[in-house]
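Just below is one structure, and these are the notes that go with it.
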DNA sequence: TTTTTAATGATATATAATATCGTTAAAGGA
DNA sequence: TCCTTTAACGATATTATATATCATTAAAAA
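Residue numbers (the numbering used here), protein chains in the order written: chain E, 69 to 197; chain B, 69 to 197.
Structure representation (structure tokens):
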């Protein structure tokens, strides 16, 4: 099962890097289609999935919304503004310890987690006085 | 905006309590429709939402799957088996401290979080030898 | 009992993502 | 360089989950 390095795959990887701010599949498609009007949305979804599998992107599963993709693949979490919807990085000191605790508590093995914080970003907090 | 106590709402609340194990909206509907074949799926969704708003149920947003509902509303988290799909409770000692840390890190206010652990439950781990 | 209107059932629509399928082009060998 | 193989493509259909619309029904209060 070889893996081919298509120009579409390169475009998807580059687009996530350019957008940087945790774009959705839709946003990645919108950027690419400007210069490459023949690209298919299915191709964007497929490449986001395969690049994430291969560890070149990180797939962020957003509860209650479209999934997002991160060009930075390691060791951080995310916080979403409930007002404007923007997603920022959060660096937690002991996020990994949570998995160990959950494993101990439940007897589950191979434990990981998806965590997304929600709150109001400083910009939106100010706009409300 | 009064809130009416309909029999459908009672049925939904009771069904989540009976199922106990974090049912999806679909599963709640399936249980109720056996004895009340005229209930609408939209009504189940609406009541799950309104009961969650009112604090009588907890709405668990599952990343990458149908949302689930919990009759137990306070202070615990959840872990999903990646093999069989069942969802169990996890009790973490310091889950609230995470929010404070995220708030300090980012400057966001009113911070909460959605966290779902994933792993392999003891039953499924055994089946694989 | 009558009035008010929140909630209902039926259905249409929205959103996100995956599946299907005939065609195209990437990669390796001749 | 030119074949051959088949992963990946573009177009589109389908699935899954959830919400919106709207005429009708039934809770709650007068």
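All C-beta atoms in this analysis are idealised placements derived from N, C-alpha and C, irrespective of residue type, glycine included.
inquiry  = I'd like to know if residue 135 of chain E contacts chain B, where contact means its C-beta is closer than 9 Å to some C-beta of that chain.
reply    = yes
task = Examine chain B for any beta-carbon lying closer than 9 Å to the beta-carbon of residue 92 of chain E, and answer yes or no.
result = no
query = If residue 184 of chain E sits next to residue 130 of chain E, beta carbons under 8 Å apart, how far is it from one beta carbon to the other, in whole angstroms?
reply = 6 Å
key: Alpha-carbon spacing of residue 120 of chain E relative to residue 78 of chain E, whole angstroms   = 13 Å
query = How would you label residue 169 of chain E, buried or exposed, when you count the other beta carbons within 10 angstroms and need 16 or more for buried?
reply = buried
Minimum C-alpha distance to residue 190 of chain E - residue among B:192, B:181, B:177, B:187 = B:177
query = Checking contacts by CB at 9 Å: is residue 187 of chain E closer than that to chain B?
reply = yes
request  = Taking the CB atoms as reference points, tell me whether residue 162 of chain E and residue 181 of chain E lie closer together than 9 Å.
outcome  = no
message = Does the CB of residue 152 of chain E have a neighbour CB from chain B at under 9 Å?
response = No, residue 152 of chain E lies away from the interface with chain B (no Cβ there is under 9 Å from its Cβ).
message = Three Cβ pairs or more, each shorter than 8 Å: is that satisfied between the stretch 136-146 of chain E and the stretch 137-151 of chain B?
response = Verdict: no, contact absent.
query = the stretch 113-143 of chain B: which residues have C-beta closer than 8 Å to a C-beta of chain E, in chain order?
reply = 129, 130, 131, 132, 135
request  = Closer than 9 Å by beta-carbon distance: list the chain E residues that pair up with residue 190 of chain B, in chain order.
outcome  = 174, 175, 176, 177
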